[in-house]
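Asks: Under my numbering, the residues of the sequence shown are numbered 1186 to 1560, in order.
For every residue, glycine included, the Cβ atom is placed at its ideal position computed from N, Cα and C.
Only a predicted model underlies this, so the values are computations on that prediction, with no experimental measurement involved.
Can you keep this structure in mind? I'll have questions shortly.
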Amino acid sequence: MSNCINNVLIIGGGFSGMSAAIELSKAGVAVDLVEIDPNWRADGAGITLGGATLRTFVQLGIIDKFLAVGCGNAGLEIHAPNGMHLAHIPAPPLREGLPGAGAVMRPALAKILAEKTRTTNTNVRLGTTFESITDLGDSVEVSFTDGTTKQYDLVVGADGVYSKVRETVFPDADAPKYIGQGVWRAVLPRLPGVDNTMMWVSQHIKVGVNPMSETQMYMFVTENREQNDFREPATFITTLRELMAGFSAPMVKELADMLDEDSLIHYRPLERVMMPAPWYKGRVLLIGDTVHATTPHLASGACIGIEDALVLAEEIAAKPTLNDALEGFQARRYERCKMVVENSGRLAQIEIEGGDKEEHTDIMRRSAIALAQPI
Ligand SMILES: Cc1cc2nc3c(=O)[nH]c(=O)nc-3n(C[C@H](O)[C@H](O)[C@H](O)COP(=O)(O)OP(=O)(O)OC[C@H]3O[C@@H](n4cnc5c(N)ncnc54)[C@H](O)[C@@H]3O)c2cc1C
């Protein structure tokens, strides 16, 4: 297979960067990946994966590993605060033999992807980042914090929502914007009856659980909050219980009672980024959260970042020039990613304003149908 580039530098070893390394390496491109974290850690509780994400796992060759440590499910059950069942949003499998959706501990997924990356020819350098990026026209020269310098045919910025690559190459790009809502997440022992994603939705707060393995599930609770301020960890359990106090559903009460010091509680203020096209300048391309960081209302941020990686490798392998490949990439990715960011943003707005629940359910349903389309 002949590619329109010989080598690439990927900056950032999150889900998007690792997926790009795996796929570009598979296509025969020489890949260097630099990750700033010397320990290549992924913090956080669980991550929800839709059918479109599981489809990318097949392509990446990690689906069996995911099924061994994660958990599949068949869709979403929506309930009123008192526990009354309101709607089932099915998650039909996108491939025979796959679950329709699923979830896994975030560090477990990061480990699977890191191990897969290590099986490729990717040269991974941890605790390293770039110092300067100079586009020379027929190559890009990058100097690194370890004192080395190298030239590449393409540089991929995958360093996340607070991207330094974006800041360097697109200095006029908007900074991430806080949306007025945060999300709490906790890891709990899996309760009997939690087989699908379950949500209880009040006027302003959403409580949910998702099974992540035979024995674990993760809980999420949204909180509307004007300021993006520091939350004192010593108050986490009390704050979460206060937020859940308005729900009389027996399972929500049980969840609140289960919280303790071992529940790995995280709070994350929600921010978004949606850069206008093009997402590349010369020989530098941005992918994943770096360019389209969505709020998690459709649980599809990781999905679209990984899809970016798959599409990039396909375009690089199929097109005669890098410019054609980048144009092809942009055409295939822009509308789909914008749909996820904008629909997630609208869901957040409805939740914050206590708006129309039918519109909320309808957006979830329409987005699921759109995400199931081929990329
Ligand atoms: C609260 C919350 C819940 C979410 N839940 C879901 C969900 O259920 N399902 C879902 O699909 N998505 C979810 N998402 C979105 C998902 O987490 C992200 O879209 C995804 O992790 C983005 O991956 P990424 O690789 O693009 O960026 P990141 O995960 O941010 O990875 C960036 C990587 O680059 C590294 N890095 C940073 N700076 C530099 C630098 N200067 N040099 C080198 N390396 C650098 C970082 O250490 C990191 O490893 C959620 C997001 C939030 C905030």
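(1) Give me the Cα-Cα distance between residue 1412 and residue 1361, rounded to the nearest whole angstrom.
(2) Considering residue 1362, what are the terminal residues of the beta strand (DSSP E) in which it resides?
(3) Which of helix, strand or coil does DSSP assign to residue 1308?
(4) Per the DSSP calculation, residue 1478 is bridged to which residue(s)?
(5) Which residues in the same chain have their Cβ closer than 7 Å to the Cβ of residue 1227, if we skip the five residues on either side of it in sequence?
(6) Using only the alpha-carbon positions, how far apart do residue 1264 and residue 1289 sit?
(7) Keeping to the same chain, check which residues put their C-beta closer than 6 Å to that of residue 1521; ignore five residues upstream and five downstream.
(8) Do you know how far the Cα of residue 1422 is from the Cα of residue 1460?
(9) Quick check: residue 1350 and residue 1392, are their CB atoms within less than 8 Å of each other?
(10) Straight-line CA distance for residue 1568 to residue 1440?
(11) Does the pairing of the region 1446 to 1458 with the region 1368 to 1376 give three or more beta-carbon distances under 8 Å?
(12) Could you give the C-beta distance for residue 1390 and residue 1428, rounded to a whole number, given that I count them as a contact under 8 Å?
(13) If you measure between the beta carbons of residue 1298 and residue 1204, is that distance less than 8 Å?
(14) Tell me whether residue 1570 sits in a helix, a strand or coil according to DSSP, three-state version.
(15) In the DSSP assignment, what are the bridge partners of residue 1385?
(16) Bridge partners of residue 1402, per DSSP?
(17) Could you tell me the boundaries of the beta strand (DSSP E) in which residue 1337 lies?
(18) Nearest to residue 1418 by alpha carbon, out of 1502, 1431 and 1453?
(19) Closer than 7 Å: is that where the CB of residue 1492 sits relative to any heavy atom of ligand 1?
(20) For residue 1366, which of 1539, 1377 and 1508 has the nearest alpha-carbon?
Replies: Checking against the coordinates, here is how it stands:
(1) Locating residue 1412 in the sequence shown gives position 227, where the first residue counts as 1. Locating residue 1361 in the sequence shown gives position 176, where the first residue counts as 1. Cα to Cα, the separation comes out at about 14 Å.
(2) In the sequence shown, residue 1362 corresponds to position 177, counting from 1. Looking at the DSSP string, the run of the beta strand (DSSP E) that includes residue 1362 is 1362 to 1374.
(3) Position 123 of the sequence shown, counted from the start, is the residue given in the question as residue 1308. Here residue 1308 sits in strand by DSSP.
(4) Locating residue 1478 in the sequence shown gives position 293, counting from the first residue. The partner list for residue 1478 (beta bridge, DSSP) reads 1458.
(5) Counting from one through the sequence shown, the residue named residue 1227 turns up at place 42. Result list for residue 1227: 1291, 1292 and 1295, in chain order.
(6) Position 79 of the sequence shown, counted from the start, is the residue given in the question as residue 1264. Position 104 of the sequence shown, counted from the start, is the residue given in the question as residue 1289. Roughly 23 Å separates the two Cα atoms.
(7) Position 336 of the sequence shown, counted from the start, is the residue given in the question as residue 1521. Hits under 6 Å: none found.
(8) In the sequence shown, residue 1460 corresponds to position 275, counting from 1. In the sequence shown, residue 1422 corresponds to position 237, counting from 1. Computed Cα separation, rounded: 36 Å.
(9) Along the sequence shown, read from residue 1 onward, the residue named residue 1350 stands at position 165. Along the sequence shown, read from residue 1 onward, the residue named residue 1392 stands at position 207. No. Outside cutoff.
(10) There is simply no residue 1568 to check, as the chain begins at 1186 and stops at 1560 in what is shown.
(11) yes
(12) Against the sequence shown, residue 1390 aligns to sequence position 205. Against the sequence shown, residue 1428 aligns to sequence position 243. Residue 1390 to residue 1428, Cβ: 6 Å. Contact.
(13) What you label residue 1298 is simply residue 113 of the sequence shown in a count that begins at 1. What you label residue 1204 is simply residue 19 of the sequence shown in a count that begins at 1. Yes, the pair counts as a contact, with Cβ atoms nearer than the cut-off.
(14) Because the chain here runs from 1186 to 1560, residue 1570 falls outside it and cannot be looked at.
(15) For the purposes of this step, residue 1385 is taken as residue 200 along the sequence shown, with counting starting at 1. Paired residues: 1264 and 1392.
(16) The sequence position of residue 1402 within the sequence shown is 217, counting from 1. For residue 1402, which the question treats as bridged, DSSP gives the partners 1373 and 1396.
(17) For this step, residue 1337 is matched to residue 152 along the sequence shown. Residue 1337 -> beta strand (DSSP E) spans 1334 to 1337.
(18) Start at 1 with the first residue of the sequence shown, and residue 1418 comes out as number 233. Minimum Cα distance to residue 1418 is reached at 1453.
(19) By 1-based counting over the sequence shown, the position of residue 1492 is 307. Not under cutoff, so the answer is no.
(20) Residue mapping note: residue 1366 aligns to position 181 of the sequence shown, counting from 1. Residue 1366 has its Cα closest to that of 1539, out of 1539, 1377 and 1508.
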